[in-house]
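Take any residue in the sequence shown, count from 1 to its spot, add 50: that is its number in the working numbering.
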Amino acid sequence: MRSRPDATMWHLWYRLRLIGPPIGSEQLMLDAYRELIDLLAETPRRLQSLVEGRELPTQRSNEDWGPIEVIAHMVDAERLSRERIVRMLAEDTPYFRAMNQLELARAGDYASRSLQEVLDAFGHERGETLSVLMNLAPKDWDRKAIHETRDEITIEDIIEDLIQHDREHLDQIQQLLGGT
């Protein structure tokens, strides 16, 4: 079954066929953005392969996270990032408060969720984010917001942070599972 981002990729290809390819530096920018999108698109598969067939820790809480709670956190971070991007597209320089991870963990009761539930939720949320990103014009990546602790940020900054966030939590899950 093909995922939603593939359909959106087809839409982008079709649009480029209609209006023609960008030239020069705009093409380089598109290539760079496409690379960021590709990195984001890899994470659900990497998560699945990391936990597949592994025995997960049974002691769970909303404060001391195991692999399932980490993935549930990634779901919330994904949703929040996408909501911020959508606001940045709709508003001029919106203001964002910092994410309160423990509050989200308690509200989402991470400890009660199953592995399949959080993997499915992450795949869905990431697909929605990819759909938004695939439809951005090059100038949209520079849209700005003000963040409570980071000052001015762009959509590109959010995506680069999300990629780093993925890497950190993939490493964390691997360590929690006793991998190297």
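Just so it is clear, CB atoms sit at the ideal spot from N, CA and C, and this is done for glycine as well.
Inter-segment contact for the region 126-138 and the region 187-203 is present: three or more beta-carbon pairs are separated by less than 8 angstroms. Per the C-alpha coordinates, the member of P107, E85, A157, A91 positioned closest to L226 is P107.
Exposed is the label assigned to L152, since fewer than 16 other Cβ atoms lie within 10 Å of its Cβ. Non-local beta-carbon contacts of L97 in its own chain, meaning distances under 6 angstroms to residues more than five positions away in sequence, are absent.
Put simply, of D190, A161, R156 the residue whose alpha carbon is nearest the alpha carbon of P117 is A161.
In the three-state reduction of the DSSP assignment, D159 falls in the coil class. For A195, the three-state secondary structure derived from DSSP is strand. Assigned with DSSP and collapsed to three states, T204 falls in strand. About 6 angstroms separates the beta carbon of G158 from that of A122, a gap short enough to meet the 8 angstroms contact definition. Taking 8 angstroms as the upper bound for CB-CB distance, M149 and A171 are not in contact here, some 17 angstroms apart. Here R193 is buried. Its C-beta has 16 or more other C-beta atoms within 10 Å. Here T179 is buried: its Cβ has 16 or more other Cβ atoms, across all protein chains shown, within 10 Å.
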